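Worksheet: one structure, shown below.
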Amino acid sequence: DAMVIQNPRYQVTQFGKPVTLSCSQTLNHNVMYWYQQKSSQAPKLLFHYYDKDFNNEADTPDNFQSRRPNTSFCFLDIRSPGLGDAAMYLCATSRDRGQETQYFGPGTRLLVL
Amino acid sequence: EDKVVQSPLSLVVHEGDTVTLNCSYEVTNFRSLLWYKQEKKAPTFLFMLTSSGIEKKSGRLSSILDKKELFSILNITATQTGDSAVYLCAVYSGNTPLVFGKGTRLSVIA
Chain A
1 DAMVIQNPRY QVTQFGKPVT LSCSQTLNHN VMYWYQQKSS QAPKLLFHYY DKDFNNEADT
61 PDNFQSRRPN TSFCFLDIRS PGLGDAAMYL CATSRDRGQE TQYFGPGTRL LVL
Chain D
114 EDKVVQSPLS LVVHEGDTVT LNCSYEVTNF RSLLWYKQEK KAPTFLFMLT SSGIEKKSGR
174 LSSILDKKEL FSILNITATQ TGDSAVYLCA VYSGNTPLVF GKGTRLSVIA
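These protein sequence lines are chains A and D, in that order. 12 is the number that my numbering gives to position 12 of the first sequence; each next residue is one higher, with no gaps. 166 is the number that my numbering gives to position 53 of the second sequence; each next residue is one higher, with no gaps.
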């Protein structure tokens, strides 16, 4: 089945220790998104890729970076995680720009100790 | 700034009840409104609404959009415990991919 896959599902890291979350998709969608969702809050868009074109949200901290080496994969790098970065990180895809229906992966829950 | 407000924030009902969830929005260049269901993991897509007054229906769930009054409702009839989830409303304006509300947490008790 075509899907959006995120690994790992749970990630524990130490304060300040870099961490990478991964997302892959078999939908062959052009657009991939990373959201941060904290408890009882709406998903907050961090950035998205339209093909190789990277689009950063204005209020996304510099601590968060992303890479998309090919159509199928997208990575979220947190260079120096703080306690406030503990959250659920959701990856989503859409077929193309202007295709607002997004398909979400299961999420990675990040815990920072 | 684009804004999506959902109400109520949480709701507890008994199985068999009918519930109505609300979503109001203020966005520039509105294009569509989407409803998602989020259980313990990722949101799953329910409906996309673009036109006023046209009801979208899927089983016991239905939704309608009012573009004049800038809101949408999601109805769930004959609720079941499996309907317990957070229901997210999101609006697409074409400027940013999606703007989400905070969600309504629905708990259905037997």
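For each residue, glycine too, the CB sits at the ideal point set by N, CA and C. Quick caveat: nothing in here was measured; it's all calculated off a predicted structure.
Secondary-structure assignment with DSSP links R109(A) through a beta bridge to Y10(A), M88(A). From the beta-carbon of F158(D), the residues of chain A found nearer than 9 Å are T101, Q102, Y103, F104. S24(A) does not reach chain D, its nearest Cβ partner there being about 14 Å away, counting only Cβ pairs nearer than 7 Å. In this structure V12(A) does not touch R97(A) by the C-beta definition: roughly 35 Å separates them, more than the 8 Å allowed. Within chain A, S40, Q41, A42 have C-beta atoms less than 9 Å from the C-beta of K215(D), given in sequence order.
Excluding the 5 residues flanking it on each side, I186(D) has same chain C-beta neighbours closer than 8 Å at T133, L134, N135, C136, S176, I177, in chain order.
By the 16-neighbour rule on beta-carbons within 10 angstroms, A198(D) is buried.
Close CB contacts of Q151(D) within its chain, under the 8 Å cut and outside five residues either way in sequence, are with T157, A198, V199, Y200, L201, G216 (chain order). Taking 9 Å as the upper bound on Cβ-Cβ separation, chain A lies near no residue of the region 163-189 of chain D. Selection M3(A), S22(A), F15(A), K17(A) evaluated against T108(A) yields S22(A) as nearest (Cα-Cα).
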